[in-house]
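Asks: Just so you know, the protein sequences line up as chains Z and X, in that order.
In case it helps, our numbering puts the first sequence at residues 1 to 538.
In case it helps, our numbering puts the second sequence at residues 1 to 246.
Even for Gly, the Cβ is constructed at its ideal location relative to N, Cα and C.
These numbers were taken from a predicted model, which means no experiment stands behind them.
First the structure, then my questions, so here it is.
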Amino acid sequence: MRVMAQVAMVMNLDKCIGCHTCSVTCKQTWTNRAGTEYVWFNNVETRPGQGYPRGHEDQDRWRGGWALRHGRLVPRAGGRARRLARIFANPDLPSLGDYYEPWTYDYENLTTAPLGEDVPTAAPRSLIDGRPAPVTWGPNWDDDLGGGPEHLAGDPVLARMNEQVRLEYEQAFMFYLPRICEHCLNPTCVAVCPSGALYKRVEDGIVLVDQDRCRGWRMCVSGCPYKKVYFNHRTGKAEKCTLCYPRIEAGQPTVCSETCVGRLRYLGVMLYDADLVGKAAAVQDERRLYEAQLGCFLDPDDPAVARAAEEAGVPHDWVTAARRSPVRDLIVRYRVALPLHPEYRTMPMVWYVPPLSPVVEALTATGHDGEDPAKLFAAIDSLRIPVGYLAGLFTAGDPAPVESALCRLAAMRSHLRRINLGEERDPRIAASVGLDEAGIEAMYRLLALAKYEERYVIPTGYTAEHAGHADGAAAGCSLEGPEGPGMLEAGGFHTPPPREAEPSGAALRGRINLLNWNGKGRPAGLFPRRPRDAEGSR
Amino acid sequence: MSHHLHVALWGVLPYLSAVLLVAGSAWRYRYDRFGFTTRSSQLYEHRMLRVGGPLFHYGLLFVAAGHVAGLLVPESLTERLHVGEDLYHANALLVGGAAGLATAAGLAVLLYRRLRVPAVRAATSRSDRLLYPVLLTVLLAGLAATATTTAHDPYDYRLGVSVWFRSLFTLDPDVAAMQHAPLVYQAHALLGMALFALWPFSRLVHAFAAPVGYLFRPYVVYRSRGGRRAGAGRRGAVTGEGALRR
Numbered sequence: 001m002r003v004m005a006q007v008a009m010v011m012n013l014d015k016c017i018g019c020h021t022c023s024v025t026c027k028q029t030w031t032n033r034a035g036t037e038y039v040w041f042n043n044v045e046t047r048p049g050q051g052y053p054r055g056h057e058d059q060d061r062w063r064g065g066w067a068l069r070h071g072r073l074v075p076r077a078g079g080r081a082r083r084l085a086r087i088f089a090n091p092d093l094p095s096l097g098d099y100y101e102p103w104t105y106d107y108e109n110l111t112t113a114p115l116g117e118d119v120p121t122a123a124p125r126s127l128i129d130g131r132p133a134p135v136t137w138g139p140n141w142d143d144d145l146g147g148g149p150e151h152l153a154g155d156p157v158l159a160r161m162n163e164q165v166r167l168e169y170e171q172a173f174m175f176y177l178p179r180i181c182e183h184c185l186n187p188t189c190v191a192v193c194p195s196g197a198l199y200k201r202v203e204d205g206i207v208l209v210d211q212d213r214c215r216g217w218r219m220c221v222s223g224c225p226y227k228k229v230y231f232n233h234r235t236g237k238a239e240k241c242t243l244c245y246p247r248i249e250a251g252q253p254t255v256c257s258e259t260c261v262g263r264l265r266y267l268g269v270m271l272y273d274a275d276l277v278g279k280a281a282a283v284q285d286e287r288r289l290y291e292a293q294l295g296c297f298l299d300p301d302d303p304a305v306a307r308a309a310e311e312a313g314v315p316h317d318w319v320t321a322a323r324r325s326p327v328r329d330l331i332v333r334y335r336v337a338l339p340l341h342p343e344y345r346t347m348p349m350v351w352y353v354p355p356l357s358p359v360v361e362a363l364t365a366t367g368h369d370g371e372d373p374a375k376l377f378a379a380i381d382s383l384r385i386p387v388g389y390l391a392g393l394f395t396a397g398d399p400a401p402v403e404s405a406l407c408r409l410a411a412m413r414s415h416l417r418r419i420n421l422g423e424e425r426d427p428r429i430a431a432s433v434g435l436d437e438a439g440i441e442a443m444y445r446l447l448a449l450a451k452y453e454e455r456y457v458i459p460t461g462y463t464a465e466h467a468g469h470a471d472g473a474a475a476g477c478s479l480e481g482p483e484g485p486g487m488l489e490a491g492g493f494h495t496p497p498p499r500e501a502e503p504s505g506a507a508l509r510g511r512i513n514l515l516n517w518n519g520k521g522r523p524a525g526l527f528p529r530r531p532r533d534a535e536g537s538r
Numbered sequence: 001m002s003h004h005l006h007v008a009l010w011g012v013l014p015y016l017s018a019v020l021l022v023a024g025s026a027w028r029y030r031y032d033r034f035g036f037t038t039r040s041s042q043l044y045e046h047r048m049l050r051v052g053g054p055l056f057h058y059g060l061l062f063v064a065a066g067h068v069a070g071l072l073v074p075e076s077l078t079e080r081l082h083v084g085e086d087l088y089h090a091n092a093l094l095v096g097g098a099a100g101l102a103t104a105a106g107l108a109v110l111l112y113r114r115l116r117v118p119a120v121r122a123a124t125s126r127s128d129r130l131l132y133p134v135l136l137t138v139l140l141a142g143l144a145a146t147a148t149t150t151a152h153d154p155y156d157y158r159l160g161v162s163v164w165f166r167s168l169f170t171l172d173p174d175v176a177a178m179q180h181a182p183l184v185y186q187a188h189a190l191l192g193m194a195l196f197a198l199w200p201f202s203r204l205v206h207a208f209a210a211p212v213g214y215l216f217r218p219y220v221v222y223r224s225r226g227g228r229r230a231g232a233g234r235r236g237a238v239t240g241e242g243a244l245r246r
């Protein structure tokens with residue numbers, strides 16, 4: 001067992017209203033620079049829809065992710081030799097047109113145009129070459145199903161479903177899918193980087209690009225099946241979502257999470273067994289990849305796991321954070337969160353609670369009580385259309401896990417409705433989805449109330465020195481290197497809080513907690529120090 | 001031309017350009033590692049690049065191999081291997097000529113693209129504007145030299161230019177060997193030196209980034225926050241006090 005920790009995210013799609021606040025705040029933070037005009041580390045797609053870049057889920061075309069060749073896991077675009085042979089022109093790289101041509105407006109014309117009959121206009125201009133650019137596509141051009149069937153035909157997930165289903169389905173529903181980098185356990189972008197510039201961080205599993213090692217070969221851009229690595233055309237370097245690691249290290253949620261008005265994002269630690277990942281990703285049957293990934297996760301409540309974690313160097317408070325992890329609750333305990341496109345075999349770590357609302361709405365529209373559990377369960381089963389589509393997104397086409405997640409969400413609605421209306425509780429509702437009443441209410445609290453402290457359980461990156469293991473290399477923010485952006489001076493955002501500021505531990509400093517004492521021997525700190533000694537040691 | 005000029009051109013200049021190449025690269029690596037990149041323009045335009053890029057680069061690899069064979073392998077060695085003069089030159093003309101033509105064709109596509117595609121043109125830097133003419137002329141001079149090495153031409157560069165080139169490494173440059181070379185060889189050598197001098201200060205540095213190590217590393221790279229590689233000295237397990245303070 002090789003225990004590793006991963007900061008993972010879950011998004012509750014039921015609550016996403018498609019406001020794009022996450023996208024905009026992310027862009028303002030990370031990609032509002034020349035060279036990244038077209039780059040959205042976070043984007044929100046309307047599903048069904050083509051997504052950004054267009055049709056990125058069609059791996060027959062883009063050849064991202066992994067494939068099995070004779071039982072072995074190889075990047076779909078080819079192994080090492082094949083990658084190097086194609087280094088002079090990457091045949092699978094999306095062009096700017098597949099994203100969109102970024103543009104601005106010729107605002108100056110509004111004030112400098114000569115006096116005339118017509119009102120002057122601010123014509124669109126390309127941000128790439130400065131020439132007049134007709135605006136024909138954007139990062140969310142088909143938002144809210146804009147463009148209709150013409151654009152919908154470009155949805156690769158929809159294309160795999162049959163025609164009749166598609167037409168009915170278009171009347172049925174749409175939902176929003178916010179996407180960031182998946183920070184996969186088995187990242188293809190890292191695997192195909194010829195320079196070794198992309199790496200997965202040992203401490204928190206965040207996948208980053210070393211800007212000084214990147215040589216601009218662009219293999220990562222095409223290797224990522226989610227198309228979440230971008231090429232900065234000014235600097236000639238790859239850039240990607242960083243999971244806002246300077247914030248995560250300080251114990252704060254990412255910008256997209258912090259600013260999400262729907263409060264639908266959850267951040268927490270997952271412990272997993274790194275030795276199992278390779279085998280799990282190479283499972284023959286695509287539909288079993290979801291189960292296989294679940295099998296990689298470790299239970300931090302298991303004393304053997306906790307011991308192995310500490311032996312592997314996972315700090316103690318990361319283990320305790322993993323025990324309180326909301327992400328783990330949604331993925332493992334309630335099993336309502338599902339991975340995005342497990343069939344890419346990258347073991348993604350941003351998971352999604354599938355949307356139930358459209359099902360309820362569709363049922364209510366037919367004149368039924370949309371929240372009656374029996375009818376709702378039946379409707380989930382009979383509304384094969386959305387379940388099939390969701391399965392195409394989250395479980396490589398296997399409807400069973402999606403149905404089971406939707407049924408749990410439906411049971412939660414029914415159970416809580418009874419409580420709200422003062423009706424008699426029915427324990428059979430919870431039991432029918434394999435939960436008990438306490439569990440279903442805890443799930444409701446996590447999903448519906450979604451308190452800030454419960455949504456984000458993020459241990460800080462400076463645990464080690466805080467616990468007395470001063471480690472210069474790991475101290476402070478990673479951006480504060482000798483030539484780094486620096487961000488803030490000492491005493492700022494990333495400095496570990498002073499010891500005095502810690503209320504709960506203050507009384508115990510240097511003392512042993514008698515509740516944890518095994519009664520043997522006389523450990524240091526069993527008795528309080530005399531005031532004089534304490535003064536001297538300060 | 002005076003003898004002094006030839007000493008300067010073939011005895012001093014090669015070392016100057018070598019110093020510029022080595023010191024410049026070291027300086028760039030030390031102070032501008034961020035700038036070590038292909039500065040790819042594939043995002044703007046990919047159809048022409050997918051033809052021109054591989055044509056140019058693969059051609060160039062063959063051309064480089066040909067230079068190694070022609071400049072570093074002495075004529076005495078090929079004679080001992082019973083490769084006759086005619087066979088050698090026929091081979092040099094056919095393979096070298098084909099590689100050179102492929103490189104030139106690739107460069108032509110790339111230059112056309114750079115001039116005619118507005119986005120690519122807008123992304124052209126000042127160093128590019130100096131580099132591309134040098135690259136083009138050195139290539140054309142080389143092609144011309146190859147084309148003139150026919151059976152009718154008595155000049156055997158392996159007894160002239162190559163001898164001079166090898167003598168550079170013994171720090172005893174054979175200026176006379178180059179002094180009597182035809183003009184086209186002299187022009188090619190001079191432009192080549194200019195290219196090496198420009199190397200560290202232009203986009204050519206990306207050649208030093210050739211990712212050979214990729215063939216030998218595991219697929220997924222792990223790194224620690226402190227910049228240490230995975231497995232090396234993780235921070236110690238937090239025990240006792242740390243556990244207490246929670």
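Reducing DSSP to helix, strand and coil, say where Z/G268 ends up.
Replies: DSSP places Z/G268 in strand when its eight states are reduced to three.
Asks: Please go through the same chain and pick out, in chain order, the residues whose beta-carbon is closer than 6 Å to the beta-carbon of Z/P459, but skip the five residues on each side of it.
Replies: The residues are D317, W318, A321.
Asks: Keeping to the same chain, check which residues put their C-beta closer than 8 Å to that of Z/A153; ignore five residues upstream and five downstream.
Replies: Taken in chain order, the residues that qualify are A159.
Asks: For the beta strand (DSSP E) holding Z/L243, just list the boundary residues, first then last.
Replies: That residue, Z/L243, is in no beta strand (DSSP E); it is neither H nor E in DSSP.
Asks: The beta strand (DSSP E) that contains Z/P178, what's its start and end?
Replies: Segment 175–179, the beta strand (DSSP E) holding Z/P178.
Asks: Could I get the ranges of all uninterrupted alpha helix (DSSP H) runs contained in the stretch 142–226 of chain X, with 4 residues as the minimum, in chain order?
Replies: For the stretch 142–226 of chain X, whole alpha helix (DSSP H) runs of length 4 or above, ordered along the chain, are 161–169, 175–179, 183–198.
Asks: Counting beta carbon pairs with one atom in the stretch 41–53 of chain Z and one in the stretch 286–296 of chain Z, are three or more of them shorter than 8 Å?
Replies: Touching, no, given that fewer than three Cβ pairs across the two stretches are closer than 8 Å.
Asks: Helix, strand or coil: how does DSSP classify X/A122 here?
Replies: X/A122: helix per DSSP, three-state reduction.
Asks: Does Z/G521 come within less than 8 Å of chain X when only Cβ atoms are used?
Replies: Chain X contact via Cβ: absent.
Asks: Could you tell me whether any Cβ in chain Z is nearer than 8 Å to the Cβ of X/V6?
Replies: The question names Val, yet the displayed sequence has His at residue 6 of chain X. Taking Cβ atoms only, chain Z never reaches closer than 8 Å to X/H6, which makes this a no.
Asks: Below 7 Å on C-beta distance, what does Z/I458 contact in chain X?
Replies: What Z/I458 touches in chain X: nothing, since even the nearest Cβ is about 15 Å away.
Asks: Name the chain Z residues that come within less than 7 Å of X/F36, Cβ to Cβ?
Replies: In chain order: R215.
Asks: Beta carbons nearer than 9 Å to chain X: which residues of the stretch 116–143 of chain Z have them?
Replies: The stretch 116–143 of chain Z vs chain X, Cβ under 9 Å: S126, I128, D129, G130, R131.
Asks: Would the stretch 16–26 of chain Z count as touching the stretch 250–259 of chain Z if we require 3 or more Cβ pairs under 8 Å?
Replies: Yes: the two stretches touch, three or more of their Cβ pairs being nearer than 8 Å.
Asks: Do you know how far the Cα of X/E79 is from the Cα of X/F169?
Replies: Those two C-alpha atoms are separated by around 23 Å.
Asks: Please determine if the stretch 53–69 of chain X and the stretch 97–115 of chain X are in contact, where contact requires at least 3 C-beta pairs separated by less than 8 Å.
Replies: In short, these stretches touch, since the Cβ pair count reaches three.
Asks: What are the boundary residues of the alpha helix (DSSP H) that Z/L84 is part of?
Replies: Start and end: 80–85.
Asks: Residues in the same chain with beta-carbon distance under 7 Å from X/L115, minus the five sequence neighbours each way, listed in chain order, please.
Replies: Cβ within range, chain order: R121.
Asks: Can you tell me which of Z/S222, Z/T21, Z/A89 puts its alpha carbon nearest to the alpha carbon of Z/D575?
Replies: The structure shown has nothing for residue 575 of chain Z, since chain Z only spans 1 to 538.
Asks: Determine the closest residue to Z/R324 out of Z/D142, Z/L267, Z/K227, with distance taken between C-alpha atoms.
Replies: Closest option to Z/R324, Cα to Cα, is Z/L267.
Asks: Below 6 Å CB to CB, which residues in the same chain sit around X/M178 once its five sequence neighbours on both sides are set aside?
Replies: Only W10, W164 meet the Cβ criterion.
Asks: If contact means a Cβ-Cβ distance below 8 Å, which residues of the stretch 210–228 of chain X contact chain Z?
Replies: Cβ contacts with chain Z come from P211, G213, Y214, L215, R217, Y219, V220, V221, Y222, R223, S224, R225, G226, G227, R228.
Asks: Could you give the first and the last residue of the continuous beta strand (DSSP E) run that contains Z/P75?
Replies: Here the beta strand (DSSP E) through Z/P75 covers 72–75.
Asks: So, at 6 Å on beta carbons, what are the nonlocal neighbours of X/H6 in its own chain, with the 5 sequence-adjacent residues on each side left out?
Replies: These residues qualify, in order along the chain: V175, Q179.
Asks: Under a Cβ-count criterion, where at least 16 other Cβ atoms within 10 Å of its own Cβ denotes burial, should Z/P48 be classed as buried or exposed?
Replies: Classification for Z/P48: buried.
Asks: Taking CB distances under 8 Å as the criterion, tell me whether X/S17 reaches chain Z.
Replies: Answer no: the Cβ-Cβ gap between X/S17 and chain Z never drops below 8 Å.
Asks: DSSP has Z/D273 in a bridge; who is on the other side?
Replies: Answer is Z/V3, bridged to Z/D273.
Asks: Assuming contact is defined by CB atoms lying nearer than 8 Å, are Z/V360 and Z/L338 in contact in what I supplied?
Replies: Taking 8 Å as the Cβ cut-off, Z/V360 and Z/L338 do not qualify as a contacting pair.
Asks: State the DSSP-derived secondary structure class of X/Y29, mapped to helix, strand or coil.
Replies: Looking at X/Y29 - three-state DSSP - the assignment turns out to be helix.
Asks: Out of X/V12, X/A189, X/Q42, point me to the one whose CA is closest to Z/R234's CA.
Replies: It is X/Q42 whose Cα lies nearest to the Cα of Z/R234.
Asks: Which residues does DSSP pair with Z/P139 in a beta bridge?
Replies: Its beta-bridge partners do not exist; DSSP assigns none.
Asks: Going by alpha carbons, who is nearest to Z/P348 out of Z/Y290, Z/R333, Z/D210, Z/Q284?
Replies: Of the listed residues, the one whose Cα sits closest to Z/P348 is Z/Y290.
Asks: Would you report the Cα separation of X/G53 and X/E45, rounded to the nearest angstrom?
Replies: Answer to the nearest angstrom: the Cα atoms are 12 Å apart.
Asks: Kindly identify the DSSP beta-bridge partner or partners of Z/F297.
Replies: Partner(s): Z/Y272.
Asks: Just to confirm, are Z/L330 and Z/V353 a CB contact at a threshold of 8 Å?
Replies: Taking 8 Å as the Cβ cut-off, Z/L330 and Z/V353 qualify as a contacting pair.
Asks: For a minimum of 4 consecutive residues, which ranges assigned as the alpha helix (DSSP H) are wholly contained in the stretch 12–91 of chain X?
Replies: Counting whole runs of 4 or more residues, the stretch 12–91 of chain X contains the alpha helix (DSSP H) stretches 13–31, 47–67, 75–80, 85–91.
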